[in-house]
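Going by the numbering used here, the first residue of the sequence shown is number 1, and it counts up by one from there.
Note that the Cβ used here is the ideal one computed from N, Cα and C, for glycine as well.
Just so it is clear, the structure is predicted and the values come from calculations on it, not from any experiment.
Contents: one structure, followed by commentary.
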Amino acid sequence: MSLNILFIGDVVGSPGRKIVCQALPRLIPRWGIGLVVCNAENAAGGSGLTVRCFEELADAGVDTMTMGDHVYRKDEIFKIFERSDRAIRPANFPPEAPGPELALVQARDGTPVAVFTVLGRTFMRPVDCPFHAADRLLEQIRGTARVVVVDIHAEATSDKQLLARYLDGRVSAVLGTHTHVATADEQILKQGTAYQTDVGMTGPHDSIIGRRYDRVLSTALTFVPAYFDVATGDPRLSATLFSVDPETGTAQSIQRVSINQEEAQRLLTESADETRPARSVAPLHG
Ligand SMILES: [Fe+2]
Ligand SMILES: [Fe+2]
1 MSLNILFIGD VVGSPGRKIV CQALPRLIPR WGIGLVVCNA ENAAGGSGLT
51 VRCFEELADA GVDTMTMGDH VYRKDEIFKI FERSDRAIRP ANFPPEAPGP
101 ELALVQARDG TPVAVFTVLG RTFMRPVDCP FHAADRLLEQ IRGTARVVVV
151 DIHAEATSDK QLLARYLDGR VSAVLGTHTH VATADEQILK QGTAYQTDVG
201 MTGPHDSIIG RRYDRVLSTA LTFVPAYFDV ATGDPRLSAT LFSVDPETGT
251 AQSIQRVSIN QEEAQRLLTE SADETRPARS VAPLHG
């Protein structure tokens, strides 16, 4: 028996949360998903996480939320950290940084799963070494969880590829977030770790990585700062579905998932057999 895990890429604002709430409760039973992880660093207004947004995502079926560089953008994250262990901060922040760095959760079949996230170091704020942070946490969970999901929240593709090779065979999956554009390189590495450079954004795809195109463009052209509102057009759920052997933690399959508004709507009516994870992303317009 294998364990199916769905990892949802950066959820951006209300368009992102809305499509998660619409699709996820139906996908869980249809695809036999045993655990849902999502990156929630942009869930509240495009930056940070509030109690209400946390609850919305949890109610939709998200078990664990990873955060990234925007973790402290909304003060309510401290309340979330106090009350729940379902949201985690990057593990290579200073030890004084508030919030848990590791989530130990139980999948629906009872399998213990460890989840953590680390930030890359290229074109990001200076953080501690992600390799050492991962080693430290793996040592900590030794004998506790064989299934380990790692979110590598990084700007540079090479940072993500390197960490995945470093952890190959020691964790179940290394999945990239932060750049908000899904990459077509989902694969199982030589030693059995599922990998994808970026899972992509769950939010408005008619945008500049989730923000209004006109606002971003005006600042790019004039250098006058503008408020980069979250866009609204073409919301999509971008995720990766992978399966693991719960005994060994080894990945068995990995598949990209992209669900647009129309498909999310269709989920409400169609039978389970008709819903298969999409292999590729549909073009933005038409
Ligand atoms: Fe980020
Ligand atoms: Fe993000």
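Asked                                                                                                                                                : Found
Can you determine whether any heavy atom of ligand 1 sits closer than 7 Å to the C-beta of G68, and answer yes or no?                                : yes
Over what stretch of residues does the alpha helix (DSSP H) that includes V20 continue unbroken?                                                     : G13 to R30
Please check the pair V257 and A251, which I expect to be a contact at CB under 8 Å, by giving their CB distance rounded to whole angstroms.         : With a Cβ gap of about 16 Å, V257 and A251 do not count as contacting.
Keeping to the same chain, check which residues put their C-beta closer than 6 Å to that of K160; ignore five residues upstream and five downstream. : I152, A154, G176 and T197
Taking the alpha-carbon positions, what's the P15 to P235 distance?                                                                                  : 6 Å
Looking at ligand 2, does it come within less than 7 Å of E41, judged from the CB to the closest heavy atom?                                         : yes
Tell me, to the nearest whole angstrom, how far the beta carbon of A103 is from that of L137; I am working on the premise that it is less than 8 Å.  : Going by Cβ atoms, the distance from A103 to L137 rounds to 11 Å, so no, they are not a contact pair.
Measuring only the C-alpha atoms, how far is H178 from N42?                                                                                          : 10 Å
With distance defined between alpha-carbon atoms, name the residue in A164, P25, E76 and S2 nearest to L237.                                         : P25
Is the separation between the beta-carbon of A58 and that of R86 shorter than 8 Å?                                                                   : yes
Is the beta carbon of H205 within less than 7 Å of some heavy atom of ligand 2?                                                                      : no
Measure from the alpha carbon of I19 to the alpha carbon of each residue in T269, E270, Q261 and L267, then state which is nearest.                  : Q261
Decide if C129 is buried, meaning its Cβ has at least 16 other Cβ atoms within 10 Å, or exposed.                                                     : exposed
Suppose you measure from the CA of P166 to the CA of E270; what does that come to, to the nearest Å?                                                 : According to the sequence shown, residue 166 is Tyr rather than Pro. So the alpha carbons of these two residues sit roughly 42 Å apart.
Tell me, which residues are paired with S207 by DSSP?                                                                                                : BP columns for S207 are empty, so no partner.
Could you tell me the alpha carbon to alpha carbon distance between L241 and M67, rounded to whole angstroms?                                        : 19 Å
A23 and L221: beta carbons closer than 8 Å?                                                                                                          : no
Can you have a look at A184 and say buried or exposed, based on whether 16 or more other CB atoms are within 10 angstroms of its CB?                 : exposed
To the nearest angstrom, how far is the alpha carbon of Q265 from that of I5?                                                                        : 22 Å
With which residues is Q187 paired in a DSSP beta bridge?                                                                                            : Y195
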